[in-house]
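Below is one structure, written out as structure tokens; comments come after it.
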Amino acid sequence: MTVMTAAAIEDFLDEVFPQRSGTIEGVDEMRATMSLAIEDEHLRPGASVSGPTLMGLADVCLYVAILAQIGPEPMAVTSDLHCRFLRRPRGDRDLLANARLLKLGRRLAVGEVQLFSAGEDAPVALVTATYVLPDGD
2 MTVMTAAAIE
12 DFLDEVFPQR
22 SGTIEGVDEM
32 RATMSLAIED
42 EHLRPGASVS
52 GPTLMGLADV
62 CLYVAILAQI
72 GPEPMAVTSD
82 LHCRFLRRPR
92 GDRDLLANAR
102 LLKLGRRLAV
112 GEVQLFSAGE
122 DAPVALVTAT
132 YVLPDGD
């Protein structure tokens, strides 16, 4: 069961993490979906979306999935992130991220994020990450 809506998470992130990129499209049980409108600043030579852009959106999307489950927590932080680049992300299409939490424990959250160029069925990257959750005491 989610404890925060997409709108509530957007408001919270506007306060604590205003420099983030991307728009929350939805949250559900152990999941989140985001999009990012690709601009010139996101491109690398060859009109491909840059690796840091992909990893940044994936990281925020997983954070959103966590917030939807645990509520507003600014100190849930990434402790590990691994990105597999699968194919060239198109620079002329929005970037989409689908996050899924695999484990949500008291101290750690583990998840994966698939990234897509809008309109394409095959993912451009697969990110796995771990977040450390603050001690509730």
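Counted the way my numbering counts, the sequence shown spans residues 2 to 138. We put the CB at the ideal spot given by N, CA and C, even for glycine. Quick caveat: nothing in here was measured; it's all calculated off a predicted structure.
Paired residues, beta bridge with residue i - DSSP
i: L55; result: In the DSSP output, where bridge partners are listed per residue, L55 has none listed.
i: G27; result: T34
Whole-angstrom distance between residue j and residue i, CA atom to CA atom
i: V4; j: P73; result: 9 Å
i: D15; j: S49; result: 28 Å
i: G92; j: F117; result: 12 Å
i: L103; j: E11; result: 23 Å
i: D60; j: P46; result: 23 Å
i: I39; j: T24; result: 12 Å
i: Y64; j: L105; result: 12 Å
i: A126; j: Q115; result: 6 Å
i: A77; j: V17; result: 12 Å
i: D136; j: P19; result: 24 Å
i: P124; j: C62; result: 15 Å
i: I71; j: D122; result: 31 Å
i: F13; j: R89; result: 33 Å
i: Y132; j: A66; result: 11 Å
Rounded distance between the beta-carbons of residue j and residue i, thought under 8 Å
i: T129; j: H83; result: 5 Å
i: L68; j: R108; result: Their Cβ separation, rounded to whole angstroms, is 16 Å, which puts L68 and R108 out of contact at 8 Å.
i: S36; j: L87; result: Contact doesn't hold; Cβ gap of about 19 Å is too wide.
i: S22; j: L58; result: 6 Å
Where residue i falls: helix, strand or coil (DSSP)
i: Q20; result: coil
i: I67; result: helix
i: V125; result: coil
i: D15; result: helix
i: V4; result: coil
i: E113; result: strand
i: D60; result: helix
i: D41; result: helix
i: A119; result: coil
i: A98; result: strand
i: A9; result: helix
i: R85; result: strand
Assigned exposure category for residue i - 16 Cβ within 10 Å defines buried
i: P75; result: exposed
i: T34; result: buried
i: M2; result: exposed
Residue i: CB within 7 Å of a non-hydrogen atom of the ligand FMN
i: V78; result: As for the ligand FMN, it is missing from this structure, which has no ligand bound.
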